[in-house]
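Note that our numbering numbers the sequence shown so that position 32 is 494, with each residue one more than the last.
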Amino acid sequence: MHKGLLVWNITLTIVLVGGLLAGYFYIKNYNTCTEEELSTLRQHVDELTVVMAQQSEVINEHAQIINGRMESMNEEVAAAIEKNDKLIREMNGLIKEYQQVINTSATYFDEILDNLKKLSRTMPEEPIS
Numbered sequence: 463m464h465k466g467l468l469v470w471n472i473t474l475t476i477v478l479v480g481g482l483l484a485g486y487f488y489i490k491n492y493n494t495c496t497e498e499e500l501s502t503l504r505q506h507v508d509e510l511t512v513v514m515a516q517q518s519e520v521i522n523e524h525a526q527i528i529n530g531r532m533e534s535m536n537e538e539v540a541a542a543i544e545k546n547d548k549l550i551r552e553m554n555g556l557i558k559e560y561q562q563v564i565n566t567s568a569t570y571f572d573e574i575l576d577n578l579k580k581l582s583r584t585m586p587e588e589p590i591s
């Protein structure tokens, strides 16, 4: 929403600057302006200057709001990254523990296999009835 307002204010500022330029070219092309026309143009330029100042204040306010939101978003992102890092470290520890369990199980399975081989050598090959 704030970005939309910022775009609107920038667009309005461009239109106002265009009005100022149109007034400038109006004065430049018509050197035979009357005093009344000059006074009207001065009044319009003064009004445009006031409006431009107001628009610049609004744009500054919107920029401050957007910057504040960006800072809070940066803080939230940093907190999320820190939380993810903590979870990754915990998962890393669990994976190491799981690897130790697997290694221990592999050792036990090797011992069981060796015992089965020894047992098969010592047992006669007689059918069990």
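We put the CB at the ideal spot given by N, CA and C, even for glycine.
Around the beta carbon of ASN529, a 10 Å sphere encloses fewer than 16 other beta carbons of the protein chains shown; the residue is thus reported as exposed.
Within 10 angstroms of the beta-carbon of ASN471 lie 16 or more other beta-carbons, which makes it buried. Straight-line measurement puts the Cα of ILE557 at about 60 Å from the Cα of ILE476. Annotation for VAL513: LEU478 place their beta carbon closer than 7 Å to its own, counting only its chain and skipping 5 residues before and after.
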